[in-house]
Structure formats: structure tokens, C-alpha cells
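What follows is the structure, given as C-alpha cells:
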């Protein structure tokens, strides 16, 4: 993937980072005829969306392990299935675990519950249908650059009018409901609709997954609607598993970008942005090589892009202060277990292990788990999203053996006692939470790996180890994401753009940030 050093070719656009957003941005720019170079600091493409071996013979998706947010339009535009993207499973069900027995929520377009009370089984389809309608009205916002609030330009005014019209078309009842619940916490919303603690815990978990929130935190309905809006754009596949892990998706994106004409260089860490006459003019690599480029699009997080690569000397004091105070500390850890056999979960059929398992037995359980993080401590009884990818993809482990992958909350990036003392204790707490539903689990464990937010920061160069690069909250969302002065993908200096998760609409393996940034670059260059 690496051309000879000191290549004389001029580039119209340099993309920093070959994570999924950087690759998508590069693919759209190259398809539009631009000469594009992608620079990746690591040995392979993918950023945090890669498949890695954590024990001899055992491979796992390093960070996100399920695909459910990427728009079907991106998959089609880039012909990803032609470039090697294969799904090991789609419309995966979610099974919520509890001591009283599991509850299953159907995957995909079907709306159904198994194991619920009669009242909840009746209320659930109506609840899901209404939230999907509200989310559908918000979905187009994820696929465009946010309008500028202070702009007098007709395009920005028209974009704001369209947002209002879209919400108005919901009808009086749904419009009123959206305005009522938009800033609400998910705890109160679910209390209104359901009686089962297990169902409420499972639904609340999706509102707080990967965030610095508990169910009672204001704005958690917004994060839930964000997730549902993105899932709606992804089509009918629902929660899916990529064959070969998330690294296979990244490789398909890299191939699409290269076929469109982009060049990709790995082991090419950018040390700083080159600035000439108050405009970005290229990049300097850690090797000392300087590469000229008229435009630079960074998929690195905002803190890294503006304060480390660009430098505070090129920014005004107010902007530096806003970036410095951007909330970007991760609270989600990743647990990987190499297993000698398939674990058996109490009252869960083996086929369900190929789906998504949750340990969030109630909203109160989630809130207690979150409480520890407020004081710089790890949860004693964490919440988990669990996948056993080898049920559907045996290539990830030696024959007859399995991998268990889990997102574990809450694990603050910075602990009072430091991760050195807390790592083993938190690993044990996570394993204990799983073993409570899978009694033979401990006897099957051949190897263990825990990636804390501090590890994610170090291994994947994400400041704060937050997979959204910046918290999804009202003051860091949509028109003000990541901060005023760097929304609409433009940096505060000419020629610099953001195309990563720190820009609108945020993180997860979605890709809208990369595509939106490419469209903005092309529009402004026209």
C-alpha cells in the first residue's frame, strides 16, 4: 500500500487516518476525480475497526464488534460486497439475561418480544414503532452537513427550514411527543411504557452504550433516537456480524478507495500539519518527509487534530479553550476471552449465542454501575454487551474453540487508583457478571484481554479513548459538534477539515462523518 518515500506527485487532498471514516472520505473524494493520499500511522488500515489476534489462533474485532449503523447507501455506493464484505449474520436478536430467565428482542424489521409479560408484549410494538417514526424524521440530519445558525446564506436558511418541515410532517401527535421527550432521560420514558425491569434495562442500555451517561442522565433519549436514526439508514439488516471481524469491513473500504484512485500508505504517522500563509499546505510525517496537499481531512479526534497536529499557535485562545474542555473521556472497556469450548448460558438456546447478549437486568442496575464512574472508580457490577462471534464465524478461533467479545461499562479513562491496580479487579468483575449466567465459563477460559479506554487511547491514538471522539450531548451535538468554529467539518484554518467521529454525527461504525466531509470538501472546491 505504500508508494516510494518522497513521492513527487502532488495531492489535492490528504486524509489523515485509515479508519472507516477516513477511508470512506477518501473513496468519495477519489471517485469524484480528486488525487487523494491516505496516511495511516498503524501497520494496517482500520483504526479501531480492525480484526486482531489477542492470543495465538484467537482473533477478534478490536473495538466495535457488531455492524448496525452504516447506511446501506454507503455500502451500495462503494460496492463493498464486491470488495469482500460478507455478513456472517444479520437481523441478530438481542437476549437480555437475568436470574429470572432471559428476554429476547427480535432483530431487524420484525417487532416482537419473547418472555415478556402480556402488558409489555402489547406495549412494545407501539413503543418501537413510534420511536422509529421520530428517528426517521431525524435520519436525514445524519447524512448532511449541519446548517450554520448564524449564516445569512440561503442554503443554510433552507436547511433549517427543511428540518422544521420534516418535524412538522410527523403530525401533531408525534411532533408534540418528539418535543416532549427530546431532552428527557430514558429512565422516565421507559417508566411510562413498561413494567418489566429486564425489558427496561435492555432498552435503556442502548441509550447509554458508549456514553458518559446513566439512564437518569438528561439527554439519553436523544442518544437513543440517534442510534435508531442511524439503524434506520442502515436498512433492514438490523444488527449484523461481519465475517472475518470488523477488519474485513475496513479492508473492503480500503479496496473501494484504491479502486476509485486513492493511494494508501501505512506506517506513515503524521507529526504535524504544514501551514503556509494561514492555510494548510500539507503534512510532515514522523520520518521527516513533507507531503504537499491543498486540502487535509483529518479523521483523528479534534484534540489531536487541532492541538497536537496543527498547534495552538495557529488558533485563537477561545477556540483552544473550547477544544481543551471538550468532553472526550471514554467509559467503555472491551473484554476478550479465548475459550476452549462454547459456553452454555442458563435457559439460553445455543442458537441465541450467535446474537447479542446483554447484562443490564434493570435500569437501577445500570444507574448503580454508572455511579462508580462519577468518582473515578470502576463498576463493581458492570453492564455488558456480549457477542460470541465464532458461533457464526469459525475462522476467528482454532477448530472447536471460541471467542467471547464484550463491551463493558463503566470503565473511566482516568481512575483515582490508576489502571495498574484496577485492571485485574475490573476484569474479574466482568467475568463474574458473565459467569453468573454461564456457570462453566471460568473452566473454559484459555486467555483474557481487557482493553481499557486508556489502552484504546494508546493503541488507536484516540485522545481520551472515547469511540465517539467527543461525548454525544446537546452541547456537543449537530450544529455545535465538536465545538463552535469547527462544525460543518471545516477547521478554523483554510484547507483543514474534520472527517472523523468527533465531527457530526458522531462515532460508531457508521461512516456518515466521512461521507459528509467529502461532500463538503467537494462542494466548497467547486
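Residue numbers (the working numbering): 483 to 1008. The beta-carbon is built from N, C-alpha and C at its ideal position, and this holds for glycine as well. Treat the numbers as computed from the prediction; the structure is a model and nothing was measured.
- Pairing residue 948 with residue 786 gives a Cβ-Cβ distance that is not under 8 Å.
- In this structure, DSSP gives residue 705 a helical state, which the three-state scheme calls helix.
- Looking at the DSSP output, residue 899 shares a beta bridge with no other residue.
- Proximity to residue 952 across 793, 664 and 805 peaks at 805, based on C-alpha coordinates.
- Here residue 934 carries a coil assignment [DSSP, helix/strand/coil].
- Under DSSP, residue 817 shares a beta bridge with 888 and 932.
- The beta carbon of residue 955 sits closer than 6 Å to those of 701, all from its chain and outside the five residues before and after it, given in chain order.
- Taking a contact as a CB-CB distance under 8 Å, the pair residue 631 and residue 649 does not count as one, their CB atoms being some 17 Å apart.
- The closest CA to that of residue 733, considering only 687, 629 and 529, is found on 529.
- Here residue 629 has 638, 641 and 642 as same chain residues with Cβ atoms under 6 Å from its own Cβ, once five neighbours each way along the sequence are excluded.
- Residue 496 is a Cβ neighbour of residue 764, given a cutoff of 8 Å.
- Distance from the CA atom of residue 504 to the CA atom of residue 552, rounded to whole angstroms, is 14 Å.
- Between residue 558 and residue 719, the gap from beta carbon to beta carbon reaches 8 Å or more.
- Counting the other CB atoms within 10 Å of its CB gives residue 602 a total of 16 or more, which places it among the buried residues.
- Counting along the chain, the unbroken beta strand (DSSP E) around residue 494 starts and ends at 493-498.
- A residue is called buried when at least 16 other Cβ atoms come within 10 angstroms of its Cβ; residue 762 meets this threshold and is buried.
- CA-CA distance, residue 522 to residue 500, rounds to 5 Å.
- Cβ neighbours of residue 556 within its own chain (closer than 7 Å, five residues either side excluded): 506, 993 and 997.
- One Cα belongs to residue 725, the other to residue 780, and the distance between them is close to 28 Å.
- Comparing alpha carbon positions, the residue from 935, 623 and 875 closest to residue 889 is 935.
- The Cβ atoms of residue 978 and residue 999 do not sit closer than 8 Å to each other.
- Relative to residue 545, the option among 970, 814 and 619 whose CA is nearest is 814.
- Among the bridge pairs identified by DSSP, residue 723 is matched with 571.
- Non-local C-beta neighbours of residue 742 in its own chain, meaning closer than 6 Å and more than five positions away in sequence, comprise 509, 512 and 513, ordered along the chain.
- When C-alpha distances from residue 976 are compared across 983, 515, 982 and 967, the shortest belongs to 967.
- If you draw a 10 Å sphere on the C-beta of residue 525, you find fewer than 16 other C-beta atoms in it, and that means exposed.
- Counted as a single uninterrupted DSSP element, the stretch harbouring residue 874 is not any beta strand (DSSP E), since DSSP gives it neither H nor E.
- Residue pairing from DSSP places residue 518 in a beta bridge opposite 495.
- Put simply, the backbone Cα of residue 811 is about 7 Å away from that of residue 894.
- Residue 766 has 754 and 772 as its beta-bridge partners, per DSSP.
- Taking 8 Å as the cut-off, the Cβ atoms of residue 841 and residue 866 count as close.
- Around the C-beta of residue 772, fewer than 16 other C-beta atoms lie within 10 Å, and the residue is accordingly described as exposed.
- Note on geometry: alpha-carbon atoms of residue 961 and residue 825 lie some 46 Å from one another.
- For residue 864 and residue 913, the gap between their C-alpha atoms comes out near 10 Å.
- Leaving aside the five residues that flank residue 930 on each side, the residues in its chain whose CB is nearer than 8 Å to its CB run, in chain order, 817, 818, 819, 820, 909 and 913.
- The C-alpha of residue 519 lies about 7 Å from the C-alpha of residue 493.
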